[in-house]
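The sequence shown begins at 1 in full-length UniProt numbering and counts up one residue at a time. Worksheet: the structure to be examined is printed underneath.
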Amino acid sequence: MSSLLFALIIAAIAYLIGSISFAIISSKLLKLEDPRHYGSGNPGATNVLRSGNKKAAAMTLLGDLLKGWLVVFLTMQLVAKWQLSPWLITVAAIAVFLGHVYSIWLNFKGGKGVATGVGVLLALNPLLGVICIVTWLMVAMMFKYSSLAAILSAAMAPIYYLFLSTSNGNFTWPWMSAILVIAIWLIYKHKGNIHKLIHGKESKIGSKKNAPPPSATTSTAHSKRKKRI
């Protein structure tokens with residue numbers, strides 16, 4: 001089997017696992033409303049928390065985190081056992097993240113990738129993952145904005161990795177590349193949140209699900225205009 005074909009197989013498996021939406025699964029299991037129909041419309045732990053069901057939010061967070069960790073951890077074991085290219089770890093890390101963000105089961109839509117990204121970091125470097133979690137918690141506690149905490153944690157992740165890896169001589173470009181791509185993509189997925197933060201319209205952690213997601217609001221307004229016509 002060629003290296004390219006093997007990389008494609010790894011990417012496909014990682015992507016499909018990443019595409020599993022634990023926000024949808026936990027909501028269905030607990031008979032809650034689809035998280036895409038309220039709040040931010042994002043199928044992630046923060047939006048599920050807006051349903052008021054902490055158990056569903058915890059299930060979503062844990063599931064999304066574990067799928068990122070599991071895919072990268074298993075790929076690392078495979079690479080070590082068969083002495084394969086470490087770039088396969090990069091492929092797996094990015095693919096599982098993109099699977100969550102652009103899920104094939106959700107018409108290529110998905111979450112922001114925060115929990116899955118953390119899972120990837122915990123597999124690559126447990127200390128790095130823990131530091132990013134602590135960063136998220138500190139920012140979230142200070143400002144009450146999950147999006148701001150995620151953006152700052154993502155921005156700091158490559159810097160943290162550079163410091164940790166160069167201090168002990170374990171720096172590798174395959175891992176740095178995965179961290180950079182995920183960090184940049186995660187921040188990009190928060191572009192709407194950045195706009196809301198700037199204009200003071202971003203929802204805080206723990207806010208209720210009263211407002212429909214932006215897509216639903218736009219669709220409703222469009223329907224009303226058509227009826228008037």
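By construction, the Cβ of each residue, glycine as well, lies at the ideal position given by its N, Cα and C atoms.
CA nearest to the CA of residue i, picked from the options
{"i": "M59", "options": "A12, I24, G200", "result": "I24"}
{"i": "I151", "options": "W136, F163, I159", "result": "W136"}
{"i": "A92", "options": "A7, N193, S2", "result": "A7"}
{"i": "L121", "options": "I179, P35, F143, L162", "result": "I179"}
{"i": "L148", "options": "L164, H190, S2", "result": "H190"}
{"i": "S3", "options": "I182, L29, K28, S85", "result": "S85"}
{"i": "L124", "options": "P174, S146, G192", "result": "P174"}
{"i": "L61", "options": "V96, M176, G113", "result": "G113"}
{"i": "L128", "options": "N107, S26, S27, M176", "result": "M176"}
{"i": "F73", "options": "N107, P126, N193", "result": "P126"}
{"i": "S153", "options": "F143, M142, S165, A183", "result": "A183"}
{"i": "G63", "options": "S27, V79, A155", "result": "S27"}
Rounded Cβ spacing between residue i and residue j (contact assumed at less than 8 Å)
{"i": "G99", "j": "I10", "result": "Their Cβ separation, rounded to whole angstroms, is 12 Å, which puts G99 and I10 out of contact at 8 Å."}
{"i": "Y145", "j": "I205", "result": "7 Å"}
{"i": "I89", "j": "V181", "result": "In fact, because the Cβ distance is near 12 Å, the residues do not count as touching under 8 Å."}
Straight-line gap, residue i to residue j (C-alpha atoms, nearest Å)
{"i": "T172", "j": "E202", "result": "37 Å"}
{"i": "W69", "j": "L5", "result": "23 Å"}
{"i": "K81", "j": "I13", "result": "19 Å"}
{"i": "H195", "j": "I133", "result": "24 Å"}
{"i": "K31", "j": "L186", "result": "29 Å"}
{"i": "S219", "j": "S167", "result": "Confidence at S219 is low in this model, with a pLDDT of 46, below 50, so its placement is unreliable and no value can be given for it."}
{"i": "R225", "j": "F97", "result": "Its pLDDT being 46, under 50, R225 is placed unreliably by the model, and nothing is read from it."}
{"i": "F163", "j": "G169", "result": "10 Å"}
{"i": "N107", "j": "D34", "result": "15 Å"}
{"i": "Y15", "j": "Y188", "result": "19 Å"}
{"i": "G52", "j": "K109", "result": "24 Å"}
{"i": "S165", "j": "I159", "result": "10 Å"}
{"i": "W87", "j": "M156", "result": "22 Å"}
{"i": "S207", "j": "M138", "result": "19 Å"}
{"i": "M76", "j": "Y161", "result": "17 Å"}
{"i": "F143", "j": "V71", "result": "32 Å"}
Contacts around residue i, its chain only, beta-carbon distance under 7 Å, and the 5 residues preceding and following it disregarded
{"i": "V130", "result": "none"}
{"i": "A57", "result": "A45, V48, L49"}
{"i": "A140", "result": "S146, A149, I205"}
{"i": "K55", "result": "L30"}
{"i": "L78", "result": "L84"}
{"i": "F22", "result": "M59, T60, G63, D64"}
{"i": "K67", "result": "I17, G18, I20, V96, T116, G119"}
Close-in-space but distant-in-sequence residues of the same chain around residue i (CB under 6 Å, 5 per side omitted)
{"i": "G111", "result": "N42, P43, G44, H100"}
{"i": "S19", "result": "G99, S103, I104, W105"}
{"i": "R228", "result": "Note that R228 has pLDDT 48, beneath the 50 cutoff, so the model's placement of it is unreliable and the number below is only indicative. Result list for R228: empty, nothing under 6 Å."}
{"i": "W65", "result": "At residue 65 the sequence reads Leu, which differs from the Trp that was named. Excluding sequence neighbours, L65 sits near A115, V118, G119."}
What are the start and end residues of each continuous alpha helix (DSSP H) run of 4 or more residues lying completely inside the stretch 41–89, in chain order?
-> 45–49, 54–82
Let me know the alpha helix (DSSP H) ranges lying completely inside the stretch 123–155, each 4 residues or longer, listed in chain order.
-> 126–143
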